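First to last, the sequence lines map onto chains A and B.
Each residue of the first sequence is one higher than the last, beginning at 1 in the UniProt record's numbering.
Each residue of the second sequence is one higher than the last, beginning at 1 in the UniProt record's numbering.
Protein chains: 2
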Amino acid sequence: MSFPQQVRIVEVGPRDGLQNEPGPIIPTETKVELINRLANAGVSHIEAASFVSPKWVPQMGDAAAVMAGIDRRSGVTYSALTPNLKGLEGAIAANTPEVAVFAAASEAFSQKNINCSIAESLERFVPVMEQAQAAGIRVRGYVSTVLGCPYAGDIAPAQVAAVSRALMDMGCYEVSLGDTIGKGTPLKAKQMLEAVAKEVPMDRIAAHFHDTYGQALANLYAVLEEGVSVIDSSTAGLGGCPYAKGASGNVATEDVLYLLEGLGIKTGINLQAVVDTGHWITRELGRHNGSKVAQALGECNQ
Amino acid sequence: MSFPQQVRIVEVGPRDGLQNEPGPIIPTETKVELINRLANAGVSHIEAASFVSPKWVPQMGDAAAVMAGIDRRSGVTYSALTPNLKGLEGAIAANTPEVAVFAAASEAFSQKNINCSIAESLERFVPVMEQAQAAGIRVRGYVSTVLGCPYAGDIAPAQVAAVSRALMDMGCYEVSLGDTIGKGTPLKAKQMLEAVAKEVPMDRIAAHFHDTYGQALANLYAVLEEGVSVIDSSTAGLGGCPYAKGASGNVATEDVLYLLEGLGIKTGINLQAVVDTGHWITRELGRHNGSKVAQALGECNQ
């Protein structure tokens with residue numbers, strides 16, 4: 001057991017969160033203000049947009065305008081999802097300093113979600129990686145369904161490790177391990193992490209856990225015990241779970257920060273400023289605030 | 001690290017949960033049906049009522065009628081809170097096989113909540129304990145504010161240990177450690193538990209954690225690692241937090257059961273039957289279901 005002294009939070013609310021919000025298209029200026037508020041709160045890594053066809057994801061159709069509108073605060077990394085070469089070109093044109101690609105740990109999920117095998121999806125990223133590297137842009141890799149698949153059930157830890165290793169070998173600087181359906185529990189999270197850590201250095205592994213079954217903080221605590229020091233989370237728990245109607249998706253940043261503060265782990269982020277941001281964006285969206293810490297602490301400094 | 005092989009769930013929804021529900025008085029038959037459904041789901045320990053003045057807690061005014069109405073299923077312990085001798089007499093008259101007394105770990109909380117010092121509150125329980133023992137009734141001890149007090153802030157683990165020891169010395173067979181305001185985080189929970197375990201055998205310690213800050217399952221995982229094998233929880237997360245309006249109180253039984261199943265720990269309880277019970281009672285009360293597992297799994301067998 002060796003807790004990290006410091007954890008880097010990767011805030012995914014503006015992309016992974018808003019992308020999964022139901023309802024009308026969110027105005028560009030609202031997205032820009034959310035990102036700026038989070039940066040002002042001390043968040044050093046924000047997934048800001050997705051350069052994907054607006055036919056697939058209408059909510060992200062203004063990616064270039066978002067990247068053009070945000071303040072570029074020094075010390076903050078603003079990243080974007082780029083599922084293909086066209087997306088990467090858009091990200092480069094919008095002066096995006098970091099992009100992300102993704103693959104599933106489950107064959108069934110890969111087929112159903114992006115209509116190709118895991119191997120084919122990795123193959124498609126080869127030119128994206130090459131062009132990103134040529135442009136001096138860092139690439140983060142996401143692995144989905146690491147603790148269960150809605151179609152195939154349990155996923156072997158070795159399979160997660162193999163896909164993680166493949167993404168690192170292709171040139172990703174970090175892999176983010178996504179419990180897409182939130183079905184994981186702490187021992188399973190630990191076992192999966194141990195398998196990945198045989199292939200990828202621990203300081204290059206991020207935990208991206210969903211709270212669909214309420215287990216996210218327990219799972220994070222378990223992998224923090226193993227030394228994970230990068231956590232993906234979403235302010236106010238923005239984003240739902242496409243596989244269970246009305247259920248939670250991303251773990252709330254506020255709740256993660258509260259856990260970390262209690263463990264004496266530094267993040268550089270002002271919790272109350274994130275709480276205020278979460279209350280602000282949920283009012284804007286007319287949505288329930290999914291953070292229990294936000295509900296308990298209430299609002300101030302508005 | 002030594003997880004227990006088996007955990008006993010003490011279901012507190014019918015008492016600690018319903019007592020803190022806002023709204024009109026819940027009909028006796030609804031309470032009775034809730035208790036019977038939980039017993040049928042395999043819950044072996046149910047806190048069913050509180051023999052307290054209805055002037056203080058109107059929601060519990062029908063304690064005798066509840067105890068008279070429920071099925072007495074073999075192998076199930078039905079218990080009641082008895083704050084004083086009059087309460088104990090009511091519980092004995094209602095043929096209650098187990099009762100519970102309570103003390104705070106915080107002097108400030110004791111003074112504000114029951115208007116006397118911790119020592120005075122323990123003194124008051126001496127005749128209750130004597131009479132319960134004479135009647136062959138087991139007594140459970142609750143300690144509140146073990147991980148923080150709404151008035152005094154942090155509570156020293158040694159103070160929790162001293163109050164726990166006092167309750168055991170008076171004749172309680174078990175102490176339940178309550179994080180009344182849900183402010184605890186895993187390391188603090190562990191440190192508090194370690195202090196108590198110096199005074200009370202581990203198999204006589206129960207964890208009663210609230211989820212107000214979303215930390216309950218992480219805290220439970222941390223104390224399970226230390227060997228705690230009794231957990232208090234409330235179906236559908238019944239009961240709010242009197243110290244933070246609109247916030248969560250008791251951790252949901254469904255979410256605890258899901259955690260335990262994932263850890264391979266047996267409880268003898270059918271998770272889906274508890275999920276169905278939680279959906280039923282929340283419909284009866286016109287209340288949001290506070291269990292994320294219940295939200296994710298939905299309903300069946302209704």
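Backbone N, C-alpha and C define an ideal beta-carbon position, used for all residues, glycine too.
Just so it is clear, the structure is predicted and the values come from calculations on it, not from any experiment.
Check	Outcome
Under 8 Å by beta carbon: chain B residues contacting Gln272(A)	Under the 8 Å cutoff, chain B gives no residues; its nearest Cβ is about 14 Å from Gln272(A).
Minimum C-alpha distance to Val274(A) - residue among Ser234(A), Ala244(A), His288(A), Gly227(A)	Ser234(A)
Reduced DSSP secondary structure (H/G/I, E/B, other) of Asn95(A)	coil
Asn95(B) classed as buried or exposed, judged by whether at least 16 other C-beta atoms fall within 10 angstroms	exposed
Meets three-Cβ-pair contact criterion under 8 Å: the stretch 87-103 of chain B and the stretch 130-148 of chain B	yes
8 Å Cβ shell around Gln302(B) - same chain, five flanking residues per side excluded	Low local confidence applies: a pLDDT of 38 at Gln302(B) is under 50, so the model's placement there is unreliable, and no value is given.
Contacting residues, own chain, Cβ-Cβ under 6 Å from Met170(A) (five flanking each side not counted)	Met129
Environment of His288(A) [buried if 16+ CB atoms lie within 10 Å]	exposed
As assigned by DSSP and simplified to three states, the class of Asn250(A)	strand
Within chain A, the residues that Pro186(B) reaches when beta carbons sit closer than 8 Å	Tyr221, Leu259, Gly262, Leu263
Neighbour flag for Gly153(B) against chain A, beta carbons, 8 Å	no
Contact under 8 Å by Cβ, Ala252(A) with Ala222(A)	no
Test: Gln295(A) CB closer than 8 Å to a CB of chain B	yes
Whole beta strand (DSSP E) elements within the stretch 54-120 of chain A, 3-residue minimum	77-81, 98-104
Min CB distance Ser248(B) to chain A below 8 Å	yes
Same chain, Cβ closer than 6 Å to Gln159(A), neighbours up to 5 away in sequence not counted	Ala105
Of the residues Thr145(B), Pro24(B), Gly182(B), the one placed nearest Leu220(B), counting alpha carbons only	Gly182(B)
Cβ of Asp232(A) within 8 Å of any chain B Cβ	no
Given Pro54(A) as reference, the closest of Asn250(A), Val10(A), Thr82(A), Arg140(A) once Cα atoms are compared	Thr82(A)
For Gly214(B) and Thr212(A), the rounded distance between their alpha carbons	13 Å
Cα-Cα separation, Leu18(B) to Pro27(B)	11 Å
Per-residue burial, Ile231(A) [other beta carbons within 10 Å of its own, 16 or more giving buried]	buried
Chain A contact for Leu193(B) (CB, 8 Å cutoff)	no
Chain A contact residues for Glu218(B), given Cβ-Cβ distances below 8 Å	Going by the sequence as given, residue 218(B) is Ala instead of Glu. Those are Leu217, Ala218, Leu220, Tyr221, Leu259, listed as they occur along chain A.
Interfacial residues, the stretch 196-217 of chain A to chain B, with Cβ spacing under 7 Å	Asp211, Thr212, Tyr213, Gly214, Gln215, Leu217
Minimum Cβ-Cβ distance from Gln302(B) to chain A less than 8 Å	In this predicted model, Gln302(B) has a pLDDT of only 38, less than 50, meaning its place in the structure is not dependable enough to derive any value.
Within-8 Å CB hit, Lys190(A) to chain B	no
Closer than 9 Å at the beta carbon, the chain B residues around Lys266(A)	The contacting residues do not exist; Lys266(A) stays about 15 Å from chain B at best.
Pairwise C-alpha distance: Glu254(B) and Glu33(B)	18 Å
Of the residues Ala166(B), Ala244(B), Phe3(B), Tyr78(B), the one placed nearest Met67(B), counting alpha carbons only	Tyr78(B)
As assigned by DSSP and simplified to three states, the class of Cys300(A)	Residue confidence is low: Cys300(A) scores 49 on pLDDT, short of 50, so the model does not pin down where it sits. No coordinate-derived value is stated.
Cross-chain neighbours of Val255(A) in chain B, by beta carbon under 9 Å	One detail in the question is off: residue 255(A) reads as Asp in this sequence, not Val. In chain order: Tyr213, Gly214, Gln215.
Three-pair Cβ contact test at 8 Å for the stretch 142-154 of chain A versus the stretch 103-118 of chain A	yes
Chain B contact for Lys112(A) (CB, 8 Å cutoff)	no
Exposed unless 16 or more other CB atoms sit within 10 angstroms - verdict on Cys241(B)	buried
Chain A within 8 Å of Ala244(B), Cβ atoms only	yes
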